[in-house]
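S.K.: Quick note on numbering: the sequence shown equals residues 1 to 385 in UniProt numbering.
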Amino acid sequence: MKAIIIGAGMGGMSAAIALRRAGVETTVYEAVKEMKPVGAAISIWPNGVKCLNALGLKAPLRALGGDMAWVAYRDAFSGSTLTRFSLAPLVQQVGERPCPVARADLQALLIDHYGRDAIQFGHRVAGVEQHAHGVTAWFENGTHVSADFLVAADGTHSVIREAVLGERVTRRYAGYVNWNGLVTLDARIAPADQWTTFVGEGKRVSLMPVGGNRFYFFFDVPLPPGLNQDRSTIKSDLSRYFSGWAPEVQRLIAALDIQTTNRVEIHDIEPFSRFVNGRIALLGDAAHSTTPDIGQGGCAAMEDAIVLAQMLSTHSLGIEDALRRYESRRVARTRDLVLKARKRCDVTHGKDAAVTAAWYAELKQETGERVLAGLCETIEGGPLG
Ligand code: FAD
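Structure below.
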């Protein structure tokens with residue numbers, strides 16, 4: 001059985017590894033000539049970690065991850081701790097640790113594990129066509145390739161999505177801009193073993209430890225879309241948006257490197273119920289695009305990969321049947337993740353000021369129990385429990 005995989009992001013590469021382990025002959029086609037991950041880092045929650053463990057990446061992934069043992073929320077201005085609790089009960093309940101990693105490290109791990117030479121870089125798919133026993137993908141460079149089925153892991157701007165849905169969908173602006181990057185660990189900014197988040201005014205500043213003695217940081221600010229993006233003004237923009245915030249936040253702004261800081265307008269896509277058309281299956285952000293507010297977009301792509309390979313290796317009624325089973329197992333799960341993230345996004349970013357103020361007040365009473373229960377429910381809803 002042969003599969004074409006479009007896209008060498010974390011979804012496409014997880015699918016390529018999972019399908020190959022299931023005995024499928026795979027080739028990955030990637031638009032760009034050289035991978036440059038968009039975004040600095042990603043928190044892989046235990047549901048995602050379990051998927052990567054199942055792909056044989058347990059030890060190397062752990063070596064890249066940060067040691068995130070604690071969670072703390074702090075007041076924007078005074079810097080006082082609103083709540084602080086251990087992640088140990090979560091690890092105990094779900095049986096795995098979260099693993100925040102630099103994106104470049106994760107991407108290199110997946111690509112090297114699969115084999116860089118087995119990826120056809122510089123192949124941007126322009127169109128796909130199904131026939132009785134297979135699928136053909138056409139590339140902008142004039143070449144084409146055929147196989148038994150095709151996995152479209154071409155991201156949130158997927159060009160293949162329309163061939164599956166029969167219509168074009170538009171992304172929805174979530175109402176805020178995110179700046180993210182990496183800085184060297186610094187105890188004067190936040191503890192090295194803690195996920196620290198400063199909250200106030202519907203904005204947030206967050207720091208997570210990743211491997212290589214670095215923090216993954218991000219700043220969120222509710223703003224209209226389409227504002228001017230100028231790298232040279234990142235520090236002055238952030239200083240203005242976070243004027244009066246705690247000294248740790250000012251230190252972070254001073255420490256960040258504007259050349260490697262990313263600015264992203266955050267979007268999602270209204271969940272849809274069709275991931276498969278015949279022998280073409282959408283996977284990852286092509287199938288479900290979420291805001292990053294519960295850190296589950298990439299984890300969901302990894303889950304997709306595991307379920308897709310499982311359906312193909314454990315059922316024998318043909319490819320189209322297995323792909324339909326993949327779809328039926330993934331639609332509700334990913335809809336739930338997208339909508340949960342959207343809800344969290346609105347509370348965090350002050351869509352209704354009263355609701356956000358109530359959340360800040362709740363944080364002062366939080367023992368960790370409620371936050372951890374929510375995280376465990378999300379994690380345990382994944383295909384590997
Ligand atoms: P992508 O990573 O977008 O990869 C798609 C690939 O397809 C790219 O390499 C692209 O070049 C290629 N491609 C595109 N078009 C074509 C074409 N026509 N032909 C061939 N190739 C093509 N998720 C988490 O789990 N945890 C987090 O903490 C987290 N934080 C996030 C923070 C931010 C600010 C953002 C924006 C997202 C975050 N996410 C997080 C979500 C996560 O980044 C995505 O869900 C994940 O990258 C999706 O992987 P993918 O492989 O489906 O798509």
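For each residue, glycine too, the CB sits at the ideal point set by N, CA and C.
#1: Tell me which residue opens and which closes the beta strand (DSSP E) that serine 146 is part of.
#2: In this structure, what does DSSP give as the bridge partners for glycine 134?
#3: Over the uninterrupted alpha helix (DSSP H) stretch that includes threonine 378, give me the two end residues.
#4: Please return the same chain residues whose Cβ sits closer than 7 Å to the Cβ of valine 94, not counting the five positions on each side in sequence.
#5: How long is the line joining the alpha carbons of aspartate 148 and glycine 166, rounded to whole angstroms?
#6: Going by DSSP, what residues sit across from glutamine 194 in a beta bridge?
#7: Near proline 383, what residues of its chain come up, given a Cβ to Cβ distance below 7 Å and the 5 sequence neighbours on each side ignored?
#8: Excluding the 5 residues flanking leucine 57 on each side, which residues of the same chain have their C-beta closer than 7 Å to its C-beta?
#9: Looking at the strands, I want to know which residues DSSP matches up with glutamine 120.
#10: By the DSSP assignment, the alpha helix (DSSP H) with valine 331 in it spans what residues?
#11: Please name the residue in Val276, Arg84 and Asp105 whose C-alpha comes closest to that of alanine 63.
#12: Rounding to the nearest angstrom, what Cα-Cα distance links lysine 351 and threonine 26 in this structure?
#13: With burial defined as no fewer than 16 other Cβ atoms inside 10 Å of the residue's Cβ, what is the status of lysine 50: buried or exposed?
#14: Do you know offhand how far phenylalanine 139's Cα is from arginine 168's?
#15: Using the rule of at least 16 other Cβ atoms within 10 Å of the residue's Cβ for burial, across every protein chain shown, is alanine 353 buried or exposed?
#16: Does any heavy atom of ligand 3 sit closer than 7 Å to the C-beta of glutamate 25?
#17: Any heavy atom of ligand 1 closer than 7 Å to the beta-carbon of proline 292?
#18: For proline 37, which option in Gly155, Leu87 and Leu90 has the closest C-alpha, if you only look at C-alpha atoms?
#19: Under 8 Å by Cβ, that's how I've got glycine 181 and aspartate 257 pegged, so tell me the actual separation to the nearest angstrom.
#20: Consult DSSP for arginine 204 and reduce its assignment to one of helix, strand or coil.
#21: Could you tell me whether any non-hydrogen atom of ligand 1 is closer than 7 Å to the CB of threonine 334?
#22: With a CB to CB cut of under 8 Å and the five nearest residues on each side skipped, what residues in its chain are close to isoleucine 319?
#23: According to DSSP, is glycine 175 part of a helix, a strand, or is it coil?
#24: Would you mind sorting histidine 123 into buried or exposed? The rule is 16 or more other CB atoms within 10 Å of its CB.
#25: Which residues does DSSP list as the beta-bridge partners of asparagine 180?
M.R.: In short, the structure shows the following:
#1: 144-147
#2: His131
#3: 369-380
#4: Pro46, Cys376, Ile379 and Glu380
#5: 21 Å
#6: Trp70
#7: Glu303, Ile306 and Val307
#8: Leu109 and His113
#9: Tyr29
#10: 319-348
#11: Asp105
#12: 44 Å
#13: buried
#14: 20 Å
#15: exposed
#16: As presented, the structure is devoid of ligand 3, carrying ligand 1 as its sole ligands.
#17: yes
#18: Gly155
#19: 7 Å
#20: strand
#21: no
#22: Met1, Asp148, Phe149, Arg279 and Leu312
#23: strand
#24: buried
#25: Phe218 and Asn262
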